[in-house]
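A.B. asks: Starting off with a structure, shown below.
Number of protein chains: 2
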Amino acid sequence: MVADTWLEQLHDNGYRVTAARRAVVDTVHSSTHALTPIEVYDQARKKYRVLGLVTVYRTLEKLEELHLIQRVHQPQGCQAFISAGIGHQHLLLCKNCGDVAFFEGDDLDALTASIAKKTGYQIQEHWLQLFGLCGKCK
Amino acid sequence: MVADTWLEQLHDNGYRVTAARRAVVDTVHSSTHALTPIEVYDQARKKYRVLGLVTVYRTLEKLEELHLIQRVHQPQGCQAFISAGIGHQHLLLCKNCGDVAFFEGDDLDALTASIAKKTGYQIQEHWLQLFGLCGKCK
DNA sequence: TACTTATTGAAAATGATTTTCAATAGCGAA
DNA sequence: TTCGCTATTGAAAATCATTTTCAATAAGTA
Ligand SMILES: [Mn+2]
Ligand SMILES: [Mn+2]
Ligand SMILES: [Zn+2]
Ligand SMILES: [Zn+2]
Chain A
1 MVADTWLEQL
11 HDNGYRVTAA
21 RRAVVDTVHS
31 STHALTPIEV
41 YDQARKKYRV
51 LGLVTVYRTL
61 EKLEELHLIQ
71 RVHQPQGCQA
81 FISAGIGHQH
91 LLLCKNCGDV
101 AFFEGDDLDA
111 LTASIAKKTG
121 YQIQEHWLQL
131 FGLCGKCK
Chain B
139 MVADTWLEQL
149 HDNGYRVTAA
159 RRAVVDTVHS
169 STHALTPIEV
179 YDQARKKYRV
189 LGLVTVYRTL
199 EKLEELHLIQ
209 RVHQPQGCQA
219 FISAGIGHQH
229 LLLCKNCGDV
239 AFFEGDDLDA
249 LTASIAKKTG
259 YQIQEHWLQL
269 FGLCGKCK
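Following this line, the structure appears as structure tokens:
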């Protein structure tokens with residue numbers, strides 16, 4: 001499975017590759033939905049029955065630290081994680097089924113320049129997230 | 139104080155105007171920083187000593203319901219609230235001092251149209267938030 | 001002023017996340 | 001391969017944020 005890259009990254013950063021971590025990594029890596037720790041736990045336990053919820057938290061923490069996953073902020077809550085895109089990407093979430101798509105190529109330079117001028121702020125980062133209905137749900 | 143509008147709104151929606159609510163409303167209304175429930179509690183207690191933290195939660199809930207305040211999502215957490223802007227506005231946050239500015243006039247129509255085409259999604263809403271340094275901090 | 005009932009704060013309950021700890025297992029060195 | 005060090009594990013306890021319960025109080029209308 002393609003999740004091998006994540007395991008390699010863990011290993012290259014001095015973390016051990018264990019059965020518990022493999023189960024968590026497989027689960028999160030293969031999901032197109034943002035998953036909460038409990039959801040990861042439930043799914044990963046199908047692959048590795050003795051997994052503990054604490055280990056899910058600890059593994060997610062490391063994956064986030066390595067920028068392999070990212071936290072997804074939504075009106076209903078902000079505990080879910082999803083595979084991080086490569087490079088500068090943003091999320092597009094289906095309000096019906098929760099499916100997540102990535103997109104890039106947003107050009108906010110003109111906007112940020114104008115806002116910087118108006119507000120006197122020096123702008124460094126932006127969060128942009130779109131919500132709607134996916135092809136199947138609309 | 140200008141917070142009277144919020145109190146009127148509470149009253150017009152069938153909620154009673156109490157000393158506890160006045161203290162919470164004054165605090166949140168006059169802040170240019172996003173405040174967590176505990177922070178609201180600490181500040182509001184200077185105005186109304188016997189205030190309970192539960193009442194802060196309950197009042198914030200009502201203010202949010204009436205769209206007078208909004209939750210602010212940040213890397214460090216998503217529990218803080220700030221006065222909601224009027225109409226369609228977005229936030230610009232100072233990463234140093236936490237000061238919040240509002241802006242409007244973003245035009246994402248071209249972007250969303252292009253993303254809709256590429257992804258097959260029907261786009262309904264967007265979240266946009268900028269981070270940087272305010273005039274004083276930069 | 002009197003009455004109805006929304007609101008209050010304290011305390012307990014809940015839910016999510018973190019810490020502690022002794023047993024285990026990954027992995028680099030020999 | 002085997003060995004030994006130590007990172008990792010899961011259970012249980014602790015912590016932290018938020019919600020619920022409840023009896024006393026006070027807002028607002030008649
Ligand atoms: Mn958030
Ligand atoms: Mn906008
Ligand atoms: Zn969908
Ligand atoms: Zn600042």
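Residue numbers (this note's numbering), protein chains in the order written: chain A, 1 to 138; chain B, 139 to 276. We put the CB at the ideal spot given by N, CA and C, even for glycine. The model shown is predicted, which means the values in this text are computed figures rather than measured ones.
Taking CB distances under 8 angstroms as the criterion, tell me whether Gln147 of chain B reaches chain A.
C.D. replies: For the purposes of this step, residue 147 of chain B is taken as the residue at position 9 of the second sequence. No, Gln147 of chain B lies away from the interface with chain A (no Cβ there is under 8 angstroms from its Cβ).
A.B. asks: In the structure shown, what three-state DSSP assignment does Asp237 of chain B receive?
C.D. replies: Reading the second sequence from its first residue, position 99 is the one you call residue 237 of chain B. If DSSP states are grouped into helix, strand and coil, Asp237 of chain B belongs with the strands.
A.B. asks: According to the neighbour-count rule (16 or more other Cβ atoms, all chains shown, within 10 Å of its Cβ), is His211 of chain B buried or exposed?
C.D. replies: Indexing the second sequence from 1 puts residue 211 of chain B at position 73. By the 10 Å Cβ count, His211 of chain B comes out buried.
A.B. asks: Bridge partners of Arg209 of chain B, per DSSP?
C.D. replies: The residue you call residue 209 of chain B lines up with position 71 of the second sequence. Answer is B:Phe219, bridged to Arg209 of chain B.
A.B. asks: Beta carbon of His228 of chain B, beta carbon of Asp247 of chain B: below 8 angstroms?
C.D. replies: The residue given as residue 228 of chain B occupies position 90 in the second sequence. The residue given as residue 247 of chain B occupies position 109 in the second sequence. Cβ atoms of His228 of chain B and Asp247 of chain B: not closer than 8 angstroms.
A.B. asks: Going by the CB atoms, is the gap between Leu266 of chain B and Leu128 of chain A shorter than 8 angstroms?
C.D. replies: Working through the first sequence from its first residue, we reach residue 128 of chain A at position 128. Working through the second sequence from its first residue, we reach residue 266 of chain B at position 128. For Leu128 of chain A and Leu266 of chain B, yes; Cβs fall inside 8 angstroms.
A.B. asks: Checking contacts by CB at 8 angstroms: is Thr156 of chain B closer than that to chain A?
C.D. replies: Against the second sequence, residue 156 of chain B aligns to sequence position 18. False, the Cβ-Cβ gap to chain A never drops below 8 angstroms.
A.B. asks: Do you know offhand how far Leu148 of chain B's Cα is from Arg154 of chain B's?
C.D. replies: By one-based count along the second sequence, residue 148 of chain B stands at place 10. By one-based count along the second sequence, residue 154 of chain B stands at place 16. Their Cα atoms are separated by approximately 7 angstroms.
A.B. asks: Three-state secondary structure (DSSP) at Ile38 of chain A?
C.D. replies: Reading the first sequence from its first residue, position 38 is the one you call residue 38 of chain A. Ile38 of chain A falls in the helix class under three-state DSSP.
A.B. asks: Please determine, among B:Thr250, B:Gln214, B:Cys272, B:Gly225, the residue with the shortest C-alpha to C-alpha distance to Leu93 of chain A.
C.D. replies: For the purposes of this step, residue 93 of chain A is taken as residue 93 along the first sequence, with counting starting at 1. Of the candidates B:Thr250, B:Gln214, B:Cys272, B:Gly225, the one whose C-alpha sits nearest the C-alpha of Leu93 of chain A is B:Thr250.
A.B. asks: Show which residues of chain B have a CB atom less than 7 angstroms away from the CB atom of Cys78 of chain A.
C.D. replies: For the purposes of this step, residue 78 of chain A is taken as the residue at position 78 of the first sequence. Residues of chain B passing the Cβ test: His211, Cys216.
A.B. asks: Got a sec: does ligand 2 put a non-hydrogen atom nearer than 7 angstroms to the Cβ of His228 of chain B?
C.D. replies: For the purposes of this step, residue 228 of chain B is taken as residue 90 along the second sequence, with counting starting at 1. Within the cutoff, so yes.
A.B. asks: On the three-state DSSP scale, how would you describe Ile115 of chain A?
C.D. replies: Counting from 1 along the first sequence, the entry for residue 115 of chain A is found at position 115. Note: Ile115 of chain A maps to helix in three-state DSSP.
A.B. asks: Closer than 8 angstroms, Cβ to any Cβ of chain B: which residues of the region 120 to 138 of chain A, in chain order?
C.D. replies: Residues Gly120, Tyr121, Gln122, Ile123, Gln124, Glu125, His126, Trp127, Leu128, Gln129, Leu130, Phe131, Gly132, Leu133, Cys134, Gly135, Lys138.
A.B. asks: Just verifying my parser: in three-state terms, what is the DSSP assignment at Gln214 of chain B?
C.D. replies: For the purposes of this step, residue 214 of chain B is taken as the residue at position 76 of the second sequence. Residue state, collapsed to three classes: coil.
A.B. asks: Enumerate in chain order the residues of its own chain whose CB-to-CB distance from Leu271 of chain B is below 8 angstroms, with the five nearest sequence positions on each side excluded.
C.D. replies: To locate residue 271 of chain B, count along the second sequence from 1; it is residue 133. These residues qualify, in order along the chain: Cys232, Lys233, Asn234.
A.B. asks: Give the single residue among B:Glu146, B:Ile253, B:Thr174 whose Cα lies nearest to the Cα of Val194 of chain B.
C.D. replies: In the second sequence, residue 194 of chain B corresponds to position 56, counting from 1. Closest option to Val194 of chain B, Cα to Cα, is B:Thr174.
A.B. asks: Can you tell me whether Asp150 of chain B sits near ligand 4, meaning its C-beta is under 7 angstroms from at least one heavy atom of the ligand?
C.D. replies: By 1-based counting over the second sequence, the position of residue 150 of chain B is 12. Checking every heavy atom of ligand 4 against the Cβ of Asp150 of chain B, none is found closer than 7 angstroms.
A.B. asks: Within 8 angstroms of any Cβ in chain B, is that where the Cβ of Ser94 of chain A sits?
C.D. replies: Here residue 94 of chain A corresponds to residue number 94 of the first sequence, with the count starting at 1. Position check: residue 94 of chain A holds Cys in this sequence, whereas Ser was assumed. Interface residue, yes.
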